[in-house]
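To keep things clear, I will list the structure first and then write my remarks on it.
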Amino acid sequence: MDAIVTALLRSEHPDDVKVQYLDHILLKGGLTQEQEVAVAGVLWAVWPAAPAQHGLRQLRGQFLVAFRRYISSPSNDDDDEERACFGWMRTETRLDEWRSATKVLLLFVAFRTPADAGRLHRIFHECPAPAFGRDLPLSALCLKPPQLAEMLIKAGRIPLLGFAGDWLRELLLCVVASEAWAVLLKGGIDVLLTAAEQLDDPRTADGSLVVLETIFLGYQENADVFLTCYAHFYDRIARWPHASPPFASKSLMHLQKLLHGLLFAFPGHPLLQAPLRMLMAQLPPLPTDFVVETYVDARRWTNCAVAAASPFFASDDAGAQHATSAPVRQHSDAIGLKNIGNSCYMNAVLQGLYWTPAMRRLFATRNSAKPGVVAEFCALLGRMQASSSSWLDARTMERFRSVLLPEYQTTRQQDAAEFLHYLLDALESDKAVALHDVFQGSTLRTITCDTCSTASSANEEFTDLHIPIRASVASTPVLADLVRAQFDPEELSSRLENAYFCDICQCSGSATKRISVERAPTHLLVSINRFEYNRLRGAREKVCTAVDCREPVVLPTVHGDVPYDLYAAIVHAGTRADHGHYYTYARHLPDSDWHLLNDSHVARVDDAMVESALAHATTDTPYVLFYKRREATSKKAKIAADAGV
9 MDAIVTALLR SEHPDDVKVQ YLDHILLKGG LTQEQEVAVA GVLWAVWPAA
59 PAQHGLRQLR GQFLVAFRRY ISSPSNDDDD EERACFGWMR TETRLDEWRS
109 ATKVLLLFVA FRTPADAGRL HRIFHECPAP AFGRDLPLSA LCLKPPQLAE
159 MLIKAGRIPL LGFAGDWLRE LLLCVVASEA WAVLLKGGID VLLTAAEQLD
209 DPRTADGSLV VLETIFLGYQ ENADVFLTCY AHFYDRIARW PHASPPFASK
259 SLMHLQKLLH GLLFAFPGHP LLQAPLRMLM AQLPPLPTDF VVETYVDARR
309 WTNCAVAAAS PFFASDDAGA QHATSAPVRQ HSDAIGLKNI GNSCYMNAVL
359 QGLYWTPAMR RLFATRNSAK PGVVAEFCAL LGRMQASSSS WLDARTMERF
409 RSVLLPEYQT TRQQDAAEFL HYLLDALESD KAVALHDVFQ GSTLRTITCD
459 TCSTASSANE EFTDLHIPIR ASVASTPVLA DLVRAQFDPE ELSSRLENAY
509 FCDICQCSGS ATKRISVERA PTHLLVSINR FEYNRLRGAR EKVCTAVDCR
559 EPVVLPTVHG DVPYDLYAAI VHAGTRADHG HYYTYARHLP DSDWHLLNDS
609 HVARVDDAMV ESALAHATTD TPYVLFYKRR EATSKKAKIA ADAGV
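Laid out in structure tokens, this is it:
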């Protein structure tokens, strides 16, 4: 067969006829492996003649030969043969052909010095990247983790011109698919920061965005990676709308999509959201068919739910290259809590309880001999109070979470109000702790039959108030009014399908139900019912109605009105029930200095920011509010307050 091909190539036929004959021989001839090798030798002997180039593309494994010929050349000066090899590489799209070549390329990246890497860079810049990220196992390279990390860093330092961003994205996806977390831990941040540095240049802007998008929206278990690198990212993109020379419209649109994706994936960071939204207003509008949920979900690393083991930071390993040791505490009484994988709901609740002075008095200095929730809660509050660091580390948070119910030991997002109830119930199990003195109050429920005027009464204890709200309202409801409305008389009747059965009358009829507070708690918890089940859609949804929570809340007790002042608010950020972020605003009464407590990030914020969140928010909405009973001043108020003791 090789003799036939040799004769064909030496014939006087024009090249297009030779190509047709080669197609017939190579595609329909059923060559054996030995014949393919022999024919390839003949074709390579006349390379880069047009018929030879065409024929070699039809033979298995010959693309790898062309790739090796180009990448192994000792010279950086292309001759006709090398140009033909590189031309093949630029137009080859078959993943099966690129698979072996990609292994060779990555090995050359690992072992070739930057001074000898000119041809490697050209491949990254000019050859479209094959989608090898989820197809090529890192184990096929036979390199140890330190060597793989060095390879990742070297690849990350190739200028992100042309297709280089796509090549680096596929390499990152390859590392993630192989779950080589040690490689990301050592080299990931270097790649990220190097990409951010190239945001200044319009020529490398798109490649930079591809890499940042891959990392920021890949690891969505918590926002630490994005928040840590935010300054490196924002300081550069803030100049884009008015840069000279200008950035391409394609780059501006890519940035707009990425910013929408970041705000969706990482809601609940109000100090960052405002500047990002201002920047987004200066960028081209998104196409009408852009769906941010689809965009974000498509980029998420689904195998990265690894709790506290962030693939980029070693929180507690002092020997790690990028260990995130907490800096010295900046705020005397405010401390952050490390997010250990969708644990923001837990952190927000713990902050609300920590900023409740009575809880500190009960638990922070207490030693519980019995292991479990009470003992770990005492230890946690003690560490929050005594630590000199600006946040508690992941090991501390993991230890606390390890004693909770199994549903709270996963990295799945949970409801903050439900977790608060669970935690208070667990703490109350220790009979030696007078938890009822903190949040517990009592009500008297009286139902009076409208027919015989017989009244039946029952005492009930409560630890919080649940306030329903509607999705559509004409004006912003005021929480203080909604709380008072909970104690308005309620009609029970057949008309309302809630008729009351009277034991005296021995029939169902109309009645009036009244609930009055007999004992006002020292601290009042108010939960706004933000989540409801939509039967038509078959899904749980969030009610995003703004509720004005600025005014003090007043409990109407049987002894008189008892006012309460807000000292902490757990906020749910996001518009969906199954997606979002929790954080807390808190202050010490009677002071008005508010703190933002957002996982490990702590900041003092001005009143105007908190007032706006409490009054007008429809995304970052108050969800659970902590109130303290105001110290009584008048004689009447003291009587009402004393009744709550």
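For the sequence shown, position 460 matches number 468 in this note's numbering, and the numbering has no gaps at all. Even for Gly, the Cβ is constructed at its ideal location relative to N, Cα and C.
Nearest candidate by alpha-carbon position, reference residue i, set the options
i: Leu-532; options: Leu-169, Gln-393, Glu-384, Leu-361; result: Leu-361
i: Leu-193; options: Val-47, Tyr-227, Ala-172; result: Tyr-227
i: Cys-515; options: Thr-459, Ala-482, Pro-293; result: Thr-459
i: Ala-185; options: His-277, Pro-476, Arg-307, Gln-155; result: Arg-307
i: Ala-190; options: Pro-319, Ala-204, Ala-493, Arg-244; result: Pro-319
i: Asp-496; options: Ser-395, Glu-639, Thr-520; result: Thr-520
i: Val-233; options: Asp-208, Ala-273, Leu-263, His-262; result: Ala-273
i: Leu-280; options: Tyr-242, Phe-298, Tyr-631; result: Tyr-242
i: Ser-80; options: Arg-638, Ser-410, Ile-131, Leu-563; result: Ile-131
i: Val-481; options: Leu-431, Val-555, Trp-96; result: Val-555
i: Arg-492; options: Ser-465, Leu-428, Glu-559, Arg-76; result: Glu-559
i: Ser-600; options: Tyr-591, Val-613, Ser-396, Thr-592; result: Val-613
i: Ser-204; options: Arg-244, Gly-195, Ala-231; result: For clarity, residue 204 is Ala in the given sequence; the question names Ser instead. Residue Arg-244 is the option with its Cα nearest to Ala-204.
i: Ala-125; options: Thr-553, Arg-407, Met-159, Ala-137; result: Met-159
i: Gly-38; options: Gln-66, Lys-636, Ala-58; result: Gln-66
i: Val-199; options: Phe-171, Arg-211, Leu-563, Pro-167; result: Pro-167
i: Ala-528; options: His-587, Arg-548, Leu-563; result: Leu-563
i: Leu-597; options: Leu-500, Ser-395, Ala-366, Asp-87; result: Ala-366
i: Asp-438; options: Val-54, Val-579, Ala-383, Ser-395; result: Ala-383
Cβ-based neighbour list, residue i, same chain, cut-off 6 Å, excluding 5 preceding and 5 following
i: Trp-52; result: none
i: Ser-524; result: Leu-452, Val-566
i: Cys-150; result: none
i: Arg-638; result: Pro-571, Asp-573
i: Glu-498; result: Lys-521
i: Val-561; result: Ala-488, Val-491, Tyr-572, Tyr-635
i: Thr-626; result: Cys-552, Ala-554
Spatial distance of residue i from residue j (CA atoms)
i: Thr-530; j: Asp-445; result: 7 Å
i: Ile-348; j: Leu-574; result: 29 Å
i: Pro-335; j: Asn-606; result: 16 Å
i: Met-354; j: Val-112; result: 47 Å
i: Cys-352; j: Val-570; result: 33 Å
i: Trp-96; j: Ala-74; result: 8 Å
i: Ala-581; j: Gly-568; result: 36 Å
i: Pro-56; j: Ala-123; result: 29 Å
i: Asp-472; j: Tyr-430; result: 13 Å
i: Leu-169; j: Asp-209; result: 10 Å
i: Arg-68; j: Pro-154; result: 34 Å
i: Ala-246; j: Ala-256; result: 15 Å
i: Ala-424; j: Asp-143; result: 39 Å
i: Phe-427; j: Glu-505; result: 33 Å
i: Glu-90; j: Arg-76; result: 10 Å
i: Ala-547; j: Lys-152; result: 47 Å
7 Å Cβ cutoff met for residue i and residue j
i: Ile-512; j: Thr-565; result: no
i: Val-304; j: Gly-269; result: yes
i: Leu-490; j: Cys-557; result: no
i: Leu-217; j: Leu-287; result: no
i: Glu-105; j: Phe-140; result: no
i: Phe-539; j: Ala-585; result: yes
i: Lys-346; j: Met-392; result: no
i: Pro-249; j: Gln-290; result: yes
i: Ala-163; j: Leu-176; result: yes
i: Cys-457; j: Cys-510; result: yes
i: Leu-389; j: Phe-371; result: yes
i: Leu-128; j: Val-117; result: yes
i: Gln-70; j: Ala-46; result: no
i: Ser-108; j: Leu-72; result: yes
i: Gln-494; j: Glu-469; result: no
Cutoff 8 Å; reference residue i; Cβ partners in own chain excluding five residues on either side
i: Val-610; result: Gln-338, His-339, Ala-342, Ile-343, Gly-344, Ser-398, Trp-399, His-603, Leu-604
i: Val-551; result: Ile-477, Arg-478, Ala-479, Asn-537, Arg-538, Phe-539, Glu-540
i: Glu-6; result: Residue 6 is absent from the structure shown; the chain starts at 9 and stops at 653.
i: Asp-615; result: Ser-600, Trp-602
i: Gln-206; result: Pro-167, Leu-168, Thr-212, Ala-213, Gly-215, Ser-216
i: Leu-413; result: Tyr-430
Neighbourhood of residue i by C-beta distance below 7 Å, restricted to the same chain and skipping five residues each side
i: Val-653; result: Low per-residue confidence applies at Val-653: pLDDT is 47, beneath 50, and the placement is therefore not dependable, though the value from the model is reported in the following sentence. So no residue of the chain qualifies.
i: Glu-221; result: Leu-266, Arg-307
i: Pro-292; result: Ser-257, Leu-260, Met-261, Gln-264
Residue-level contact to chain C via CB, residue i, 7 Å cutoff
i: Ala-425; result: Looking at the structure shown, chain C is missing, and only one protein chain is on hand.
Write down every uninterrupted run of the alpha helix (DSSP H) in the stretch 242-301 whose length is 4 residues or greater and which is fully enclosed by it, in chain order. 257-273, 278-288
Pick out the complete beta strand (DSSP E) segments inside the stretch 594-642, 3 residues or longer, and give them in chain order. 602-606, 609-613, 628-637
Every unbroken alpha helix (DSSP H) inside the stretch 93-174 [4 residues or more]: 103-119, 126-134, 153-164
Runs of alpha helix (DSSP H) wholly within the stretch 176-211 (minimum 4 residues, chain order): 189-205
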